[in-house]
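The numbering of the sequence shown is the UniProt record's numbering, which starts it at 1 and goes up by one.
All C-beta atoms in this analysis are idealised placements derived from N, C-alpha and C, irrespective of residue type, glycine included.
This structure is a prediction, so every number in the text was calculated from the model and none was measured.
Okay, so here's the structure we're looking at.
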Amino acid sequence: LNGSILRGGILPGQNLSIQLDLTNPKRRQIKRIEATFIQHRQIANIRDQQIIFNCNLPGIYQFQEPILKQVFDLSLPTTYLPPTYEFTTTDSNSSLGIFIHYELILVVKTIGIFCDFQVSVPVMVGTESLSNRPQQQQFSDQFSTPAIIASSLDQNCSPPSYEMAMQNELNNFEYVK
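Here it is in structure tokens:
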């Protein structure tokens, strides 16, 4: 089973499009393929996970063909999903980390004992689409930090306050008429 996500990342409310290439040379009967989208959260030592959705891929029931090549569109909920995120800082002799990441788990259920298998695919969740921005800005946004935020991070190794981040956004905001 080969699975790939057709976009580099997704936004809440979008479809998660996956391309599946399954080779079944022995024509084993595949009962179904389950797709589970999971959010993993970790703050310091506390780990938690939440299933965002779980479904059976449509059209895969008692499948026995030798080859399956198909794109599946799975709908993400339109509710707020925090973006994929990673932050670590050290304070005196302890380290604090905040991590949010997502994965899509595909489980192939077959007839027989010990024949089921699964594939895990990491998924990037964002907050806004970069497709409307100019290409050069996309590149520079990924690798630069605004000076006001960078200086704050250098001084105390913690993220900027909400007020400082919003002030920086207002300073960089351009009015278009």
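Closest to Arg-27 by CA distance: which of Gln-19, Gly-126, Thr-110 is it?
Indexing the sequence shown from 1 puts residue 27 at position 27. It is Thr-110.
Just the Cα atoms here: how many angstroms apart are Ile-43 and Tyr-102?
Position 43 of the sequence shown, counted from the first residue, corresponds to residue 43. Position 102 of the sequence shown, counted from the first residue, corresponds to residue 102. One C-alpha to the other measures close to 15 Å.
Distance, Cα to Cα, Leu-16 vs Lys-31?
As a first step, residue 16 must be located in the sequence shown, where it is residue number 16. As a first step, residue 31 must be located in the sequence shown, where it is residue number 31. Approximately 23 Å between the Cα atoms of the pair.
Is the stretch 53 to 67 in contact with the stretch 84 to 100, if contact means three or more CB pairs nearer than 8 Å?
no
Sorted by chain position, which residues of the same chain lie with C-beta nearer than 6 Å to Leu-20's C-beta, five sequence neighbours on each side aside?
Within the sequence shown, residue 20 is the residue found at index 20, counting from 1. Once the five neighbours on either side are set aside, the close Cβ partners of Leu-20 are Gly-3, Gln-70.
Just how far apart, CA to CA, sit Gln-104 and His-40?
Here residue 104 is taken as the residue at index 104 of the sequence shown, counted from 1. Here residue 40 is taken as the residue at index 40 of the sequence shown, counted from 1. Checking the sequence, you will find Leu at residue 104 rather than Gln. Looking at the two C-alpha atoms, the distance is approximately 11 Å.
Between which residues of its own chain and Asn-56 is the CB-CB distance below 8 Å, once the five residues before and five after are set aside?
For the purposes of this step, residue 56 is taken as residue 56 along the sequence shown, with counting starting at 1. If the five residues before and after Asn-56 are omitted, its C-beta is found closer than 8 Å to the C-beta atoms of Arg-32, Ile-33, Glu-34, Ala-35, all from its own chain and listed in chain order.
Excluding sequence positions up to five away, which residues of its chain have a Cβ less than 6 Å from the Cβ of Ile-18?
Along the sequence shown, read from residue 1 onward, the residue named residue 18 stands at position 18. So the list reads Gly-3, Ile-5, Phe-72, once near-sequence residues are dropped.
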